[in-house]
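Numbering-wise, the working numbering comes out as the position in the sequence shown, counting from 1, plus 534.
Glycine included, each C-beta is placed from N, C-alpha and C at the ideal position.
Inspection log for the structure reproduced underneath, given as structure tokens.
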Amino acid sequence: MDLFKGRNLIEFAERFKTDEDCIEYLSQLKWSNGFNCVKCNHTGCQVRSNHSRTCNKCSHTESATANTLFHKVKFGIRKAFFVCFEMATTTKSLSASYMSVRIGVTEKTARLFMHKVREAMKSSEDHPIDGNVHIDEFVIGGKEEGKVGRSYQSKKKKVVCAVELTDEGKVKRMYSIKIDNYSAKELKKLFDKHISKEAKVTTDKWKGYKPLMKHYNITQIESNNGLNFKALHTMIHQVKSWIRTTYSWVSDYNIDRYLSEFCYRINRSQTKENIFNNLIRRMVAADKIYQVNLICK
Ligand SMILES: [Zn+2]
């Protein structure tokens, strides 16, 4: 199939003129390796004029959007494509209220769909960092007083962040997740998801990392007010100001989704040509998600 490449909005609007253009694109991605009936596993099918597939054996019909993150998108698949395109290619901050004005849906609709896109942006956890990595924690929603000896009581949202560095000390990849406190048990969550046992890890002298030294190659050095972790702290500064200026407030429930979005774009800044397509592929591969799982209970 002819994949859409690049970040040109004019070309994008030309390519996806109607909902049908988008549905056809989705159907080609979804069944790029052939059809496989979800009910009976049969591989023979009829292609319908609306790009659905009907199983030759059990007659089950599946639409291009069924069981994907586009499942039951009611405001139009073309608008959904535009949201994906904006979120994949932007270098700026996109709030739900801005998006609602830009594509003509309610703010709530925009917010819920944007959370679905963030689900697709979530790391596969298939490529743990095995090179040089710097790790530190930070808080969202204000300054943490007296960082040495991290506070366990604070209500602020705590986050741990890993940055893989090139030999030149530049950021190669970044992963970040919410933690409940700064204990080894919580910090280990990031290691389990994103850090290979082969990685060369550097942290400041926080004692929470010490128990992890049994399993990981960790060196602890003085932070020197962040000067020894310059690239990492630049990223931390960026993610904090991005969240502060775009959303002003994010719920505990959704914070990992925002972090996924930020890291997704950082980790693909070298492959922008294919970023829209990568995102759509992930939207199609991910299972549907219901509204109740997108909002804070
Ligand atoms: Zn079937």
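> Count the other CB atoms within 10 Å of the CB of A733; is the residue buried (16 or more) or exposed (fewer)?
Replying inline: buried
>> Considering only heavy atoms of ligand 1, does any lie closer than 6 Å to the CB of C574?
In response: Yes; taking the cut-off as 6 Å, the Cβ of C574 has a heavy atom of ligand 1 nearer than that.
> Measuring CA to CA, which of D701, K704, V667 is closest to S710?
Replying inline: Per the C-alpha coordinates, the member of D701, K704, V667 positioned closest to S710 is V667.
>> Between the alpha carbons of R791 and T640, how many angstroms are there, rounded?
In response: 21 Å
> Which of the three DSSP states, helix, strand or coil, is assigned to S566?
Replying inline: coil
> Can you tell which of N811, K591, N567 has its C-alpha closest to the C-alpha of G578?
Replying inline: K591
> Which residues in the same chain have their Cβ closer than 7 Å to the Cβ of K681, if we skip the five residues on either side of it in sequence?
Replying inline: Any reading at K681 needs caution, since the residue's pLDDT is 49, under 50, leaving its predicted position unreliable; the model's value is listed next. Taken in chain order, the list of residues that qualify is empty.
>> Here's the rule I'm using: 16 or more other beta-carbon atoms within 10 Å means buried, otherwise exposed. How should P662 be labelled?
In response: buried
> With 16 other CB atoms within 10 Å as the buried threshold, where does A819 fall?
Replying inline: exposed
> Does the beta-carbon of T643 have 16 or more other beta-carbons within 10 angstroms, so that it is buried, or is it exposed?
Replying inline: buried
>> Only counting the same chain, and skipping five residues up and downstream in sequence, which positions put a Cβ closer than 7 Å to that of V581?
In response: Once the five neighbours on either side are set aside, the close Cβ partners of V581 are R587.
>> Which of the three DSSP states is assigned to N666 in this structure?
In response: strand
>> Tell me the rounded alpha-carbon separation between E698 and E807.
In response: 22 Å
>> Here's the rule: buried if 16 or more other CB atoms are within 10 angstroms of the residue's CB, otherwise exposed. What is L766?
In response: buried
> Nearest-angstrom Cα distance between E678 and R549?
Replying inline: Note that E678 scores 48 on pLDDT, short of 50, meaning its location in the model is unreliable; the coordinates nonetheless yield the value given after this. E678 and R549 have their C-alpha atoms spaced approximately 48 Å apart.
> Ends of the beta strand (DSSP E) at Q804?
Replying inline: From DSSP, Q804 is part of no beta strand (DSSP E); its letter is neither H nor E.
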